[in-house]
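Peer 1: Numbered according to our numbering, the sequence shown spans residues -12 to 216.
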Amino acid sequence: MSPSIPENLENVRHLISQFEKKYARTPDSVQLLAVSKTHPTGLIIEACQAGQKHFGENYLQEALEKIDALKTYQLTWHFIGPVQSNKTRLIAENFHWVHSVDRLKIARRLSEQRAKTLPPLNILLQVNISHEDSKAGVSLDELNTLASACNELDNIVLAGLMAIPSPVNEFEQQRESFHALREARDRLINQGITDCQHLSMGMSNDFEAAIAEGATFIRIGTGIFGARE
Ligand SMILES: *Cc1c(COP(=O)(O)O)cnc(C)c1O
């Protein structure tokens, strides 16, 4: 039998704390985001009962059903998939974080559609760090302009950057991409965008390199819930 969700979580948490020590990171400065896309609510409850509070979803309709079904658990929901402009209202109304904003139009709509009675929506800008072919993500050249514009908007907080670098196996190569994202974040902070602290980077096969370079959220699906269908 394959390990259970509590065992998987325990393993990932153990590795996170080992890597925090190894790379002189502050203890508990790396948050584990459990990517639950395609997995049923029963598995999310198992993870929650093992202490997991942050969950990431890519598909809006599926996510809304889960958010509604799991209201009483007081989970923190992160939208990590591509954002279409006709979906922004439901995202703004139902999520706490959006990791995948790469256009001003999307940021504006999220800002306008976030209820003023709710805390501001945390957004991260997705950066196309290794010029991956998938067109998602703002280029490093355009990041500054986009970040400055987002920083002016009400009802959202520009809380950091996110990247999905092209998969490579070599540790030093993995580190290079994450290093570039970290430098981009540091430049924004130095320009006065002081809330831009988070780095959402690192998945199952590269999260050690991401933690070495300052990741504050790592996003793990398969390593917690098993393979998706
Ligand atoms: C699916 C997904 C993950 C998790 O991937 P796994 O391979 O299941 O660990 C992380 N980040 C993003 C943006 C994803 O879409």
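Cβ coordinates follow ideal geometry from the N, Cα and C atoms, glycine included.
Quantities reported herein were computed from a predicted structural model and do not represent experimental measurements.
Which stretch, first to last residue, makes up the beta strand (DSSP E) that contains R206?
Peer 2: Segment 204 to 207, the beta strand (DSSP E) holding R206.
Peer 1: How far does the beta strand (DSSP E) with S187 in it reach, from first residue to last?
Peer 2: Note, S187: beta strand (DSSP E), 185 to 187.
Peer 1: I54: which of E80, Q113, N73 sits nearest, CA to CA?
Peer 2: If we check each option's Cα against that of I54, E80 comes out closest.
Peer 1: Rounded to the nearest angstrom, what separates D89 and S72 at their Cα positions?
Peer 2: The alpha-carbon atoms of D89 and S72 are separated by roughly 11 Å.
Peer 1: Near M149, what residues of its chain come up, given a Cβ to Cβ distance below 6 Å and the 5 sequence neighbours on each side ignored?
Peer 2: Cβ within range, chain order: H86, L111, Q113, S187.
Peer 1: Measure the alpha-carbon distance for G189 versus A102 and round it to whole angstroms.
Peer 2: Rounded to the nearest angstrom, the two C-alpha atoms are 31 Å apart.
Peer 1: On the premise that A146 lies in contact with D182, defined as a C-beta separation below 8 Å, what is that separation, rounded to the nearest angstrom?
Peer 2: Yes, D182 and A146 are in contact; Cβ-Cβ is about 6 Å, under 8 Å.
Peer 1: Should T28 be listed as close to ligand 1, given that the test is whether its C-beta is under 6 Å from any heavy atom?
Peer 2: Not under cutoff, so the answer is no.
Peer 1: Compute the minimum distance between the beta carbon of I207 and the heavy atoms of ligand 1, and state whether it is under 6 Å.
Peer 2: Yes.
Peer 1: May I ask you to verify whether the region 192 to 212 touches the region 154 to 162, counting CB pairs closer than 8 Å and requiring at least 3?
Peer 2: Output reads yes: the region 154 to 162 touches the region 192 to 212.
Peer 1: For E231 and K24, which I take to be in contact (beta-carbon distance under 8 Å), what is that distance rounded to the nearest angstrom?
Peer 2: Since the first and last residues shown for the chain are -12 and 216, residue 231 lies out of range.
Peer 1: Starting from the C-beta of P(-7), find all residues in its chain whose C-beta is less than 6 Å away, skip the five residues before and the five after it, and write them out in chain order.
Peer 2: Same-chain partners within the cutoff: A37.
Peer 1: At a cut-off of 6 Å, would you count V(-1) as near ligand 1, judging by its Cβ distance to the nearest heavy atom?
Peer 2: Outside the cutoff, so no.
Peer 1: Can you give the Cα-Cα distance for A94 and C137, rounded to whole angstroms?
Peer 2: Using only the alpha carbons, I get a separation of about 6 Å.
Peer 1: Regarding M190 and ligand 1, is the C-beta to nearest heavy atom distance less than 6 Å?
Peer 2: Yes, ligand 1 has a heavy atom inside 6 Å of this Cβ.
Peer 1: Name the one or two DSSP bridge partners that E44 has.
Peer 2: DSSP output for E44 lists F66 as bridge partner(s).
Peer 1: What is the rounded straight-line gap between the Cα of I116 and the Cα of P152?
Peer 2: Each residue's alpha carbon lies about 6 Å from the other.
Peer 1: Go through its chain and collect everything with a Cβ distance to K92's Cβ below 7 Å, but skip five positions before and after it.
Peer 2: Excluding residues within five positions, the ones whose Cβ falls inside 7 Å are S72.
Peer 1: Are there any heavy atoms of ligand 1 lying less than 6 Å away from the beta-carbon of V144, as far as the coordinates show?
Peer 2: No - ligand 1 has no heavy atom lying nearer than 6 Å to the Cβ of V144.
Peer 1: The alpha helix (DSSP H) with V(-1) in it runs from where to where?
Peer 2: -8 to 9 is the span of the alpha helix (DSSP H), which, as asked, contains V(-1).
Peer 1: Under 6 Å Cβ to Cβ from A34, same chain only, skipping five residues before and after it: list those, please.
Peer 2: Correct list, in chain order: I(-8), A21.
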